[in-house]
Amino acid sequence: MSLNSADIKRIAHLARIEVSDAEADATLTKLTGILGLIEQMQAVDTTGIVPMSHSQDVTQRLRDDVVTETNQRELFQSIAPAVEDGLYLVPKVIE
Amino acid sequence: MEWEVVIGLETHTQLQTKTKIFSGASTEFGSEPNTQACVVSLALPGVLPVLNREAVKCAIKFGLAVNAEIAARSVFARKNYFYPDLPKGYQISQYELPVVGKGSMKIQVGTGDKAYEKVINITRAHLEEDAGKSVHGAQEGMSGIDLNRAGTPLLEIVTEPDMRSAAEAVAYAKKLHDLVQWIGICDGNMQEGSFRCDVNVSVRPKGSDKLGTRREIKNLNSFKFMQQAIEYETQWQIETLEDGGTIQQATVLFNPDSGETRAMRSKEEANDYRYFPDPDLLPLAISENDINTVKTEMPELPEAMKARFEAQYGLAHYDANALTSSRATADYFVATVDTDCDAKLAANWVMGSVSAKLNADDKEISESPISPSALASLIKRIQDGTISNNAAKQVFEAMWAGEGDADSIIESKGLKQVSDTGAIEAIVDEVLAANAAMVEEFKAGKEKAFNALVGQAMKASKGKANPAQVNEILKKKLGA
């Protein structure tokens, strides 16, 4: 799999990261290197091996369904750029 | 050309837990904005999700209810997208390894002679978190964000594209709605968004086995709108294709005012959620033991109860079906029958008078002014011949109006049926004497005259004579 600079721009846009053309070129080289590494790894026969979804061989501990959080709206909203009637305000989004 | 519509559903059910899926913040509906938005809901840096045991239990319950495979090991993944009501920049969901695998549900479509049953296959069901809510128009040029709902546990239930009409899709959605409430994992409140359906619709020439391009109708929160939206969308797709057009895959919204579906402005980048396993969450392990524990807490399921009603009480399939349409109705029926009254009579009363009255008063069965034991005491008075069916209807009305229990109403209204043979004989004798002409007609072979005589006798007894006895005595006296 090979990438071009349009792919880099698109990935950056999806991640909401602003990249200049120079940065995009540098990133292209780095990402292509990473993909090369992955290609190398994909050459290994992994038949019958369960994909690893976490580096530790342990499973999720569960929490009891009990309310432990209290209302700290005032504290949290004291650092928000804009609030009104308890709502966090953000630039208008309409789908 | 004849067309066939193909429909699949994705349903988001909010699970009935006290707290969020990954934090100890309350999930209560309708609180002041952001008062239930904790550090995890707000996605402040450094916070970690901890999975709610109860949410997992709900998923297992659902898996058991639809005979699905429950994954011994399932994995949480990040679904990445940017929207202000999702402050992390990703939704924690499940992708490759969902908690619930393939299962199935049997639905009943239509009524009367045209009714049929169909099996709908469930592809999967997975756990995920709900997003917050955006409030538009709070301030010029700004949107308000309420994160109380962010992190509410959802079970997203996905079907195969098995439905072939709006009626089938609605029947499935209703059945699922009943089922999740039956097993107690979701309150089913559609107005509050506890049960939201996305419907995938495509059309193809009848007989084709290739799927057409689908459009997804988002966020339908009423069965009526679902029916209308699918019907409109199906027609629109057929007309578009017949006019030589093509269908573009799209997400559409239904406008209840116009009755039309309309494509949403496509996001400038096509969906590319870049799913990957969430490194903050370890794989979820569910043991046989966990499943067995949940099994012991499961209520009897509607299908099993239906079969039992047919076998144990000799109820017709249709009746058993109606009585198990909701947990509340089934519970009411069972509580009535548990008092040893006749099950078939009880079934008729629950589906007949009780349900008609509830409909008229717009009440749920749990709000019925007549309790199951009160209904049973009325039914027992029919069984033991104290009152006739007609009188029972009067007693029922009075009980509904809160005038007292069955026995006191029978007493105060003087509705007790006369079953004393001597008294009925006396009445019959009087009637025969006063209606000599009818007696002659009967003897001349006119069967109808017999019924007229029964009517006269019932009238003479002011409706209180036991009709079966009147019949019998009249027959004897007429030598019929």
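Protein chains in written order, with the numbering used here: chain A, 11 to 105; chain B, 729 to 1208. Beta carbons are placed, not taken as given, at the ideal position from N, Cα and C, and that holds for glycine.
Please classify residue i as buried or exposed, where buried requires at least 16 neighbouring CB atoms within 10 angstroms.
{"i": "glutamine 1145 of chain B", "result": "buried"}
{"i": "tyrosine 1046 of chain B", "result": "exposed"}
{"i": "asparagine 917 of chain B", "result": "exposed"}
{"i": "glutamine 1197 of chain B", "result": "buried"}
{"i": "glutamate 730 of chain B", "result": "exposed"}
{"i": "asparagine 928 of chain B", "result": "buried"}
{"i": "glycine 1207 of chain B", "result": "exposed"}
{"i": "isoleucine 89 of chain A", "result": "exposed"}
{"i": "valine 980 of chain B", "result": "buried"}
{"i": "leucine 1143 of chain B", "result": "buried"}
{"i": "arginine 942 of chain B", "result": "buried"}
{"i": "serine 15 of chain A", "result": "exposed"}
{"i": "leucine 939 of chain B", "result": "exposed"}
{"i": "lysine 1204 of chain B", "result": "exposed"}
{"i": "threonine 974 of chain B", "result": "exposed"}
{"i": "valine 784 of chain B", "result": "buried"}
{"i": "asparagine 1194 of chain B", "result": "buried"}
{"i": "histidine 23 of chain A", "result": "exposed"}
{"i": "glutamine 1040 of chain B", "result": "exposed"}
{"i": "glycine 869 of chain B", "result": "exposed"}
{"i": "proline 91 of chain A", "result": "exposed"}
Going by CA-CA distance only, name the one from the options that's closest to residue i.
{"i": "glutamate 1095 of chain B", "options": "B/Tyr1060, B/Ala1120, B/Asn795 and B/Lys842", "result": "B/Tyr1060"}
{"i": "alanine 878 of chain B", "options": "B/Asn795, B/Ala787, B/Glu970 and B/Ala753", "result": "B/Ala753"}
{"i": "arginine 73 of chain A", "options": "B/Gly1150, B/Thr747, B/Lys1204 and B/Gln836", "result": "B/Thr747"}
{"i": "proline 815 of chain B", "options": "B/Glu857, B/Ala1104 and B/Ala1071", "result": "B/Glu857"}
{"i": "glutamine 819 of chain B", "options": "B/Ser862, B/Thr880 and B/Thr763", "result": "B/Thr880"}
{"i": "asparagine 1076 of chain B", "options": "B/Asp1089, B/Ala859 and B/Ala1104", "result": "B/Ala1104"}
{"i": "histidine 740 of chain B", "options": "B/Glu1092, B/Asp890, B/Ile913 and B/Tyr844", "result": "B/Ile913"}
{"i": "isoleucine 1137 of chain B", "options": "B/Asp1148, B/Phe1124, B/Ser1147 and B/Thr1149", "result": "B/Phe1124"}
{"i": "leucine 904 of chain B", "options": "B/Gln919, B/Asp890, B/Leu1086 and B/Phe923", "result": "B/Phe923"}
{"i": "serine 65 of chain A", "options": "B/Thr745, B/Thr1149 and B/Asp1006", "result": "B/Asp1006"}
{"i": "valine 77 of chain A", "options": "B/Lys1190, B/Ser986, B/Cys766 and B/Lys785", "result": "B/Cys766"}
{"i": "glycine 96 of chain A", "options": "B/Pro761, B/Gly865, B/Val847 and B/Met891", "result": "B/Pro761"}
{"i": "glutamate 79 of chain A", "options": "B/Thr755, B/Lys834, B/Leu907 and B/Gln1122", "result": "B/Thr755"}
{"i": "phenylalanine 1170 of chain B", "options": "B/Thr763, B/Ala1161 and B/Ala1180", "result": "B/Ala1180"}
{"i": "glutamine 87 of chain A", "options": "B/Lys1108, B/Ile798 and B/Thr763", "result": "B/Thr763"}
{"i": "arginine 1055 of chain B", "options": "B/Ile911, B/Gly935, B/Ala1039 and B/Glu944", "result": "B/Ile911"}
{"i": "glutamine 965 of chain B", "options": "B/Phe953, B/Asn983 and B/Thr989", "result": "B/Thr989"}
{"i": "glutamate 797 of chain B", "options": "B/Ser832, B/Tyr823 and B/Pro773", "result": "B/Ser832"}
{"i": "glycine 935 of chain B", "options": "B/Val863, B/Arg892 and B/Thr1057", "result": "B/Arg892"}
{"i": "threonine 1024 of chain B", "options": "B/Ala771, B/Lys789, B/Leu1160 and B/Asp971", "result": "B/Lys789"}
Can residue i and residue j be called in contact, C-beta distance under 7 Å?
{"i": "leucine 875 of chain B", "j": "serine 769 of chain B", "result": "yes"}
{"i": "glutamine 955 of chain B", "j": "valine 898 of chain B", "result": "yes"}
{"i": "isoleucine 18 of chain A", "j": "alanine 36 of chain A", "result": "no"}
{"i": "phenylalanine 804 of chain B", "j": "leucine 969 of chain B", "result": "no"}
{"i": "threonine 851 of chain B", "j": "valine 827 of chain B", "result": "no"}
{"i": "threonine 1052 of chain B", "j": "methionine 1033 of chain B", "result": "yes"}
{"i": "leucine 13 of chain A", "j": "leucine 41 of chain A", "result": "yes"}
{"i": "isoleucine 749 of chain B", "j": "proline 812 of chain B", "result": "no"}
{"i": "isoleucine 1110 of chain B", "j": "alanine 1120 of chain B", "result": "yes"}
{"i": "serine 1015 of chain B", "j": "valine 100 of chain A", "result": "no"}
{"i": "alanine 793 of chain B", "j": "leucine 1029 of chain B", "result": "yes"}
{"i": "proline 1011 of chain B", "j": "serine 63 of chain A", "result": "yes"}
Assuming residue i is part of the beta strand (DSSP E), what are its boundary residues?
{"i": "threonine 763 of chain B", "result": "Note, threonine 763 of chain B: premise wrong, no beta strand (DSSP E); not H, not E."}
{"i": "threonine 739 of chain B", "result": "731-742"}
{"i": "alanine 991 of chain B", "result": "988-991"}
{"i": "arginine 83 of chain A", "result": "Note, arginine 83 of chain A: premise wrong, no beta strand (DSSP E); alpha helix (DSSP H) at 83-87."}
{"i": "arginine 943 of chain B", "result": "943-948"}
{"i": "serine 754 of chain B", "result": "Careful: serine 754 of chain B lies outside any beta strand (DSSP E) and carries neither H nor E."}
Counting along the chain, where does the alpha helix (DSSP H) carrying residue i start and finish?
{"i": "asparagine 1020 of chain B", "result": "1016-1025"}
{"i": "asparagine 983 of chain B", "result": "Asparagine 983 of chain B -> not in any alpha helix (DSSP H); beta strand (DSSP E) instead, spanning 978-983."}
{"i": "proline 933 of chain B", "result": "Unbroken run through proline 933 of chain B is the beta strand (DSSP E), 923-933; no alpha helix (DSSP H)."}
{"i": "methionine 46 of chain A", "result": "The identity of residue 46 of chain A in the sequence shown is glycine, whereas the question assumes methionine. Its alpha helix (DSSP H) spans residues 31-52."}
{"i": "isoleucine 835 of chain B", "result": "Taken as a continuous stretch (DSSP letters only), isoleucine 835 of chain B belongs to no alpha helix (DSSP H), being part of the beta strand (DSSP E) at 831-837."}
{"i": "isoleucine 1137 of chain B", "result": "1134-1141"}
{"i": "valine 827 of chain B", "result": "It is not in any alpha helix (DSSP H) - valine 827 of chain B carries neither H nor E in the DSSP assignment."}
{"i": "glutamate 967 of chain B", "result": "951-970"}
{"i": "proline 101 of chain A", "result": "Unbroken run through proline 101 of chain A is the beta strand (DSSP E), 97-101; no alpha helix (DSSP H)."}
Any beta carbon from chain D within less than 7 Å of residue i's own beta carbon?
{"i": "proline 773 of chain B", "result": "As a matter of chain content, chain D is missing from the structure shown, whose protein chains are A and B."}
Counting only runs that start and end within the region 847-892 of chain B, where is the beta strand (DSSP E) found for 3 or more residues in a row?
Given a length threshold of 3 residues, each whole run of the beta strand (DSSP E) inside the region 847-892 of chain B is given here in chain order: 861-867, 870-874 and 881-887.
Length at least 3, wholly inside the region 758-816 of chain B: the beta strand (DSSP E) runs in chain order
If we require 3 residues or more, the beta strand (DSSP E) runs fully inside the region 758-816 of chain B come out as 804-808.
Length at least 4, wholly inside the region 1108-1193 of chain B: the alpha helix (DSSP H) runs in chain order
Listed in chain order, they are 1117-1128, 1134-1141, 1149-1162, 1164-1171 and 1176-1188.
Of all the alpha helix (DSSP H) runs that stay within the bounds of the region 1031-1101 of chain B, which reach a length of 4 or more residues?
Segments of the alpha helix (DSSP H) lying fully in the region 1031-1101 of chain B: 1045-1051, 1055-1065, 1071-1077 and 1083-1089.
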